[in-house]
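Protein chains: 2
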Amino acid sequence: MNKHKIAVVGYGNIGAYAVQAVKAAPDMQLMGIVRRSGGGDIDGIPVVDDIAKLGKVDTALLCTPTLNVEEAALKYLAMGISTVDSFDIHGKIPQLRESLDAAAKKNGVTAVLAAGWDPGSDSVIRALLEAMAPKGVTYTNFGPGMSMGHTVAVKGKDGVNGALSMTIPLGTGIHRRIVYVEAAPGADFAKITEDIKSDPYFVKDETHVFKADDVNALTDKGHGVSLTRKGVSGQTDNQLFEFSMKINNPALTSQIMVSCARAGLRQKPGAYTMIEIPAVDFLPGGRDSWIAKLV
Amino acid sequence: MNKHKIAVVGYGNIGAYAVQAVKAAPDMQLMGIVRRSGGGDIDGIPVVDDIAKLGKVDTALLCTPTLNVEEAALKYLAMGISTVDSFDIHGKIPQLRESLDAAAKKNGVTAVLAAGWDPGSDSVIRALLEAMAPKGVTYTNFGPGMSMGHTVAVKGKDGVNGALSMTIPLGTGIHRRIVYVEAAPGADFAKITEDIKSDPYFVKDETHVFKADDVNALTDKGHGVSLTRKGVSGQTDNQLFEFSMKINNPALTSQIMVSCARAGLRQKPGAYTMIEIPAVDFLPGGRDSWIAKLV
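Here it is as structure tokens:
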């Protein structure tokens, strides 16, 4: 079998789990890790500062911060390498898609964007539930779990040495924020609390701020979601649906990126969100065996 | 807007709900109902014994018994009409797909098969969960709700005037069957019970048979499913997923058929199960607004 040649770009939290997921995929070959400080290897996997040093690569998994995704994707697409990212700013996905679509088509490759669990697999569930009950309301309830975005926002405040922001689901899409702060010596904790509560990330939510001696001691990578819809199928009301999960966050994100790398190589040139890809294309091997097994 | 022209074939339980679902769809026009005893109308909708009498039809929704699906689909596909069915014998789906695929391609149309909730939307969920956690076990737990197949099996027994077989989920894909029987006057109830328990439909399951004076008085169309997976994302164990719903069974089945009729008209000629269709194609209108709303 001709395995898909994959490079992992970035070696933070997601990158480290992506390496594991590529290794576990039966149809993929991990060509190497790309990071600024290239050179040497990690557990025998070559680490380079330039993807060209890895030889032919089919797909680059962009395990970079969300704000760097577009620049990185355009760079690799221009080199004729397909990309997968887990860009997670919901409101900016259409414009990222447009930008990557043009570049992917120009270079005869594909980009799968927003390929995590939300946006990502949750988006597929939301689309499916719209098809099953076209009228109604879907609520996406996150957590309990660590919010990366909120944690980063707190870390940026004056007097904060370390932070952890937990998202607690209260139902109907409403969330409580529990924030643990390692304050710098002499910092004004009341001022920090006020800064957090007035931040746009927190201002609409019930937010509680606590002192912590060591936020690392409180941090686990578990997260969850409960996505509910109550709606109307045809003209019949009160159809009830729920999707929920309890997962290791970076492990799931990177696994979905790997499944999307496979799917991307099966699409025509262009950019795709997960709702634009048939579910069977995420899975290894031929369609027929999956149809027999899953349908 | 050019609306999709839809005919509902068969007017049993599913057919009646399909009429409602087509009427509720913003991009569809209900051309009529096709049934053996054609003539007249139902609430103003023409009823005919031959689809040709309805003029141009894009898609026929086959609301016929599962065992008649292939014959009906081949007939309409040969007329250049796309089809959607909710064929539900899991083991025979690959061969039905092959048969309909050839006919659809020959006539430049599409067939969406096994388009209900199981097989159907549950199959999409199962595929998505495989992509999210490739190693692990998925359990599909049905009910509580009426099983059509089991009820029909009981109705076929000697001495049975009426029947209702309820499916009760016990978890891990194990089900209890609660069967209510209206026995014919003078029938041997012990014999009926033995016949049911030794039937291939029941022989593997914990089955309880009760006498009932009037099974209609016990029957509602509610059903449910709880689909669980515990698996491994990359190399991380214990990823937990659950999809559950509580629904009116024929209302959901027919709604999914309507969404699949739309999706079928967007695919290249051929036959498709739901896992082979991008989720966004089930939804009315353009992709861009759904990407902005759902992703």
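From first to last, the protein sequence lines are chains R and D. Residues in the first sequence are numbered from 1 upward in steps of one, following my numbering. Residues in the second sequence are numbered from 1001 upward in steps of one, following my numbering. No residue lacks a Cβ here, since even glycine has one placed at the ideal position from N, Cα and C. Remember, it's a predicted structure, so these values are computed and weren't measured experimentally.
So, is residue i buried or exposed, given that buried needs 16 or more other C-beta atoms within 10 angstroms?
| i | result |
| --- | --- |
| residue 126 of chain R | buried |
| residue 951 of chain D | The structure shown does not extend to residue 951 of chain D, since chain D spans only 1001 to 1295, so no value can be given for it. |
| residue 1296 of chain D | It is not possible to answer for residue 1296 of chain D, since the shown part of chain D is limited to 1001 through 1295. |
| residue 146 of chain R | buried |
| residue 152 of chain R | exposed |
| residue 72 of chain R | buried |
| residue 1203 of chain D | exposed |
| residue 123 of chain R | buried |
| residue 1281 of chain D | buried |
| residue 149 of chain R | exposed |
| residue 243 of chain R | buried |
| residue 1256 of chain D | buried |
| residue 1079 of chain D | exposed |
| residue 184 of chain R | exposed |
| residue 298 of chain R | Given that chain R is displayed from residue 1 to residue 295, the structure contains no residue 298 of chain R and the question cannot be resolved. |
| residue 1014 of chain D | buried |
| residue 51 of chain R | buried |
| residue 43 of chain R | exposed |
| residue 119 of chain R | buried |
| residue 1174 of chain D | exposed |
| residue 1245 of chain D | buried |
Name the residue from the options whose alpha carbon lies nearest to the alpha carbon of residue i.
| i | options | result |
| --- | --- | --- |
| residue 274 of chain R | R/239, R/117, R/244, R/39 | R/117 |
| residue 143 of chain R | R/32, R/91, R/248 | R/248 |
| residue 1241 of chain D | D/1282, D/1187, D/1131, D/1055 | D/1131 |
| residue 1087 of chain D | D/1154, D/1272, D/1200 | D/1272 |
| residue 171 of chain R | R/203, R/179, R/137, R/156 | R/137 |
| residue 94 of chain R | R/179, R/206, R/276 | R/276 |
| residue 1196 of chain D | D/1110, D/1283, D/1165, D/1108 | D/1165 |
| residue 216 of chain R | R/265, R/162, R/38, R/75 | R/162 |
| residue 1003 of chain D | D/1159, D/1059, D/1045 | D/1059 |
| residue 1181 of chain D | D/1175, D/1173, D/1213, D/1206 | D/1213 |
| residue 1076 of chain D | D/1238, D/1061, D/1024 | D/1061 |
| residue 1209 of chain D | D/1055, D/1186, D/1160, D/1220 | D/1160 |
Does residue i come out as helix, strand or coil in the three-state DSSP assignment?
| i | result |
| --- | --- |
| residue 1214 of chain D | coil |
| residue 66 of chain R | helix |
| residue 1095 of chain D | helix |
| residue 53 of chain R | helix |
| residue 1030 of chain D | strand |
| residue 240 of chain R | strand |
| residue 1060 of chain D | strand |
| residue 1101 of chain D | helix |
| residue 7 of chain R | strand |
List the endpoints of the continuous alpha helix (DSSP H) containing residue i.
| i | result |
| --- | --- |
| residue 151 of chain R | 148–155 |
| residue 293 of chain R | 287–294 |
| residue 121 of chain R | 121–132 |
Could you tell me the boundaries of the beta strand (DSSP E) in which residue i lies?
| i | result |
| --- | --- |
| residue 296 of chain R | Summary: the structure shown does not reach residue 296 of chain R, with chain R confined to residues 1 through 295, and so no result is reported for it. |
| residue 1019 of chain D | Premise fails: residue 1019 of chain D lies in the alpha helix (DSSP H), 1013–1024, not in any beta strand (DSSP E). |
| residue 971 of chain D | The structure shown does not extend to residue 971 of chain D, since chain D spans only 1001 to 1295, so no value can be given for it. |
| residue 1195 of chain D | Not the beta strand (DSSP E): residue 1195 of chain D falls in the alpha helix (DSSP H), residues 1189–1197. |
| residue 1079 of chain D | Where residue 1079 of chain D is concerned, there is no enclosing beta strand (DSSP E), given that its DSSP letter is neither H nor E. |
| residue 1001 of chain D | First-last for residue 1001 of chain D: undefined, no H or E at that position. |
| residue 1169 of chain D | 1160–1169 |
| residue 229 of chain R | 222–233 |
| residue 139 of chain R | 135–142 |
| residue 1110 of chain D | 1110–1112 |
Within the present structure, is the beta-carbon of residue i separated from the nearest heavy atom of the ligand COA by less than 7 Å?
| i | result |
| --- | --- |
| residue 1201 of chain D | Of ligands this structure carries none, so the ligand COA is not represented either. |
Which parts of the stretch 1245–1285 of chain D are runs of the beta strand (DSSP E), unbroken and 3 residues or longer, counting only runs that do not cross its ends? Given a length threshold of 3 residues, each whole run of the beta strand (DSSP E) inside the stretch 1245–1285 of chain D is given here in chain order: 1270–1272.
Against chain A, which members of the stretch 247–262 of chain R pass a CB distance test of less than 9 Å? The structure shown contains no chain A; the protein chains it does contain are R and D.
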